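Residue numbers (this note's numbering): 32 to 278.
C-beta: ideal position from N, C-alpha, C; glycine also.
Remember, predicted model here, so these are calculated numbers, not experimental data.
First comes the structure, then the notes that go with it.
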Ligand SMILES: [Mg+2]
């Protein structure tokens, strides 16, 4: 089989999932099954960090603190990975956008490696992939791994696995390196300014937006932006780049 020249890195929340109306469906699903006190804390925390994001942008430390504060809340109420997985596996909000599976299958048929690079949690990502029958199509997941106790309660995390907006490029290159793929052959798909570093080159990064306003917001960070509900324009953009560069 021909060695692949390209690889593709995907953001998850809002990119592979639909935005309703915006943001992070996967995290909302998990927050919603937490005890009331934890749910309130998670929502307040999100408001706080979204405000920072709007006013001055999140630094790497902000993103890490956001995650760590969430971890304190989850461990404080004895939340388990199984509860989160169960919620994701059973929520239609965790459905992939239409056309995602077809796109992944096509990339696989071309032997193109696929990674999910998410400012999110690896077990939640695995549950999403399982729900949408995508597990066998994804070669690598980059997302934080929890440490749990003997009752599956979340108690800590593996620090070296943290993915946040500022290091998405690092993990993208790491993935390419694993496959011996040049960094200028990394294609990236995201949906927010949190994906401004996903992949390697801006012109090889596509953004999915839900309206003109969001498109304008994303434009400075992406080589191309499409307003779409289903994944077909992304699929086509990827194929165009793959075909162009493999001749
Ligand atoms: Mg996203």
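By how many angstroms is the C-alpha of residue 268 removed from the C-alpha of residue 210?
-> 22 Å
Residues near ligand 1, criterion Cβ-heavy atom distance below 7 Å: Here the residues come out as 42, 43, 44, 45, 46, 55, 221, 222, 223, 225 and 226.
Exercise. How would you label residue 48, buried or exposed, when you count the other beta carbons within 10 angstroms and need 16 or more for buried?
Worked result: buried
Note to self: Classify residue 116: buried if its beta carbon has 16 or more other beta carbons within 10 angstroms, exposed otherwise.
What the structure shows: buried
What are the boundary residues of the beta strand (DSSP E) that residue 171 is part of?
First-last of the beta strand (DSSP E) with residue 171: 171-175.
- Among 223, 100, 55 and 66, which has the Cα closest to the Cα of residue 110? That would be 66, whose Cα lies nearest to the Cα of residue 110.
Point to revise | Burial state of residue 213 (16 or more Cβ within 10 Å) | key: Residue 213 comes out exposed.
* Asked: residue 123 by DSSP, collapsed to three states: which one?
  -> helix
- Item | residue 38 - partner residues in DSSP beta bridges | In DSSP, residue 38 forms a bridge with 217.
| query | Do you know how far the Cα of residue 70 is from the Cα of residue 237? | reply | Computed Cα separation, rounded: 33 Å.
*Taking only the alpha-carbon atoms, compute the straight-line gap between residue 151 and residue 271 and give it to the nearest angstrom.*
29 Å
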